[in-house]
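Undergrad: Residue numbers (my numbering): 9 to 274.
All C-beta atoms, glycine included, are put in the ideal place defined by N, C-alpha and C.
Shown below is the structure under consideration.
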Amino acid sequence: MGLKEKPIGIFDSGVGGLTVVRAVRKALKSEDIVYFGDTARVPYGTKSRDAIMKFAGEDIEFLLSQDVKVIIAACNTVSAIALEEVSVLYDLPIIGVLQPGARASCRITRNKRVGIIGTSATISSGAYTENIRKVDPCIKVFTGACPLFVPIVEEGWEDTELALLAARQYLSPLVANEIDTLVLGCTHYPLLKNTIKAAVGKNIGLIDSAEAVSKLLEETLKKENLLRDTENKGNSKFYLSDIPPNFIGLAERFLGEPIKHVERTY
Ligand code: DGL
Numbered sequence: 009m010g011l012k013e014k015p016i017g018i019f020d021s022g023v024g025g026l027t028v029v030r031a032v033r034k035a036l037k038s039e040d041i042v043y044f045g046d047t048a049r050v051p052y053g054t055k056s057r058d059a060i061m062k063f064a065g066e067d068i069e070f071l072l073s074q075d076v077k078v079i080i081a082a083c084n085t086v087s088a089i090a091l092e093e094v095s096v097l098y099d100l101p102i103i104g105v106l107q108p109g110a111r112a113s114c115r116i117t118r119n120k121r122v123g124i125i126g127t128s129a130t131i132s133s134g135a136y137t138e139n140i141r142k143v144d145p146c147i148k149v150f151t152g153a154c155p156l157f158v159p160i161v162e163e164g165w166e167d168t169e170l171a172l173l174a175a176r177q178y179l180s181p182l183v184a185n186e187i188d189t190l191v192l193g194c195t196h197y198p199l200l201k202n203t204i205k206a207a208v209g210k211n212i213g214l215i216d217s218a219e220a221v222s223k224l225l226e227e228t229l230k231k232e233n234l235l236r237d238t239e240n241k242g243n244s245k246f247y248l249s250d251i252p253p254n255f256i257g258l259a260e261r262f263l264g265e266p267i268k269h270v271e272r273t274y
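Here it is in structure tokens:
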């Protein structure tokens, strides 16, 4: 198989990374995708740095065994904690969601006050702040961990009163700091977009990391001459380290379309 014909590998701690698969499928229709979700060990966002480093390495190794041409770490927690150190160990492009999200916020902010939300691990890593400051040291960054958002989305409660209350509680300090741009720094948060908009008001622009990374992926594939040149629609394969009973319904909400086939990796 020629290099261009090989699939794109995408991994996440669980099913949340399917928001990235959705964005990539929309942008690059003819590419094949292999997705790996570490559902046996999710969540990563509450784990130690050592555990996240180890899991990230193993997730990448699995995708390499599938002969992929490029890898996206769809998980913000992995992107924030592990990617810089782990990606240099491999000789194919490995793209995280953090850098494209951080860069997009620098382009979009007008008042140079940016908010970042994510898991506890992502926020305490300080990686978003560091990346934004590298691009524009004048930007003031305000961060907040939103640990209840992941279970709220997995429960299917993203458009409920409870979600709105949680969003107001988490986001009001950021609004009080007069941010004009908010980065949704977690795979699950794009599903909360409407609720987050209702909580922060329409004047704050939301950055969806899934969309930002799919643009960077397209640029990388073009630059490396790896874009698949066919009109045919690409296929997606889904692998999980465990298949929990409620998986299909949950996964289809993230992906936005039916999932035909899933394989367990052990
Ligand atoms: N995928 C994770 C992230 O984007 C959220 C779920 C988890 O904590 O593993 O940070």
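Look up D20 in the DSSP assignment and give the residues it is bridged to.
TA: DSSP output for D20 lists G45 as bridge partner(s).
Undergrad: Just grab the DSSP bridge partners of A153 for me.
TA: DSSP output for A153 lists G126 as bridge partner(s).
Undergrad: Are the beta-carbon atoms belonging to T27 and T195 less than 8 Å from one another?
TA: Going by C-beta atoms, T27 is nearer than 8 Å to T195.
Undergrad: What do you reckon, are the CB atoms on Y197 and F157 nearer than 8 Å?
TA: Yes, the Cβ-Cβ distance between Y197 and F157 is below 8 Å.
Undergrad: Can you tell me where the beta strand (DSSP E) with S244 in it begins and where it stops?
TA: From DSSP, the beta strand (DSSP E) with S244 extends over S244 to L248.
Undergrad: Which residue from D250, Q107 and D58 puts its Cα closest to that of I80?
TA: Nearest C-alpha to I80: Q107.
Undergrad: Is the stretch 219 to 227 in contact with the stretch 51 to 65, if contact means three or more CB pairs nearer than 8 Å?
TA: No: the two stretches stay apart, fewer than three of their Cβ pairs being nearer than 8 Å.
Undergrad: Is it buried or exposed for L17, if we count other Cβ within 10 angstroms and need 16 for buried?
TA: The sequence given here places Gly at residue 17; Leu does not occur at that position. Buried is the call here.
Undergrad: What residue range does the alpha helix (DSSP H) around R176 cover?
TA: Residues E169 to A184.
Undergrad: Verify the CB distance criterion: does W165 have a CB-CB separation below 8 Å to chain C?
TA: Among the chains in the structure shown there is no chain C, since it carries only a single protein chain.
Undergrad: Tell me whether the stretch 234 to 246 and the stretch 121 to 135 touch, counting them as touching only if at least three CB pairs, one residue from each stretch, are closer than 8 Å.
TA: Too few Cβ pairs lie closer than 8 Å, so no.
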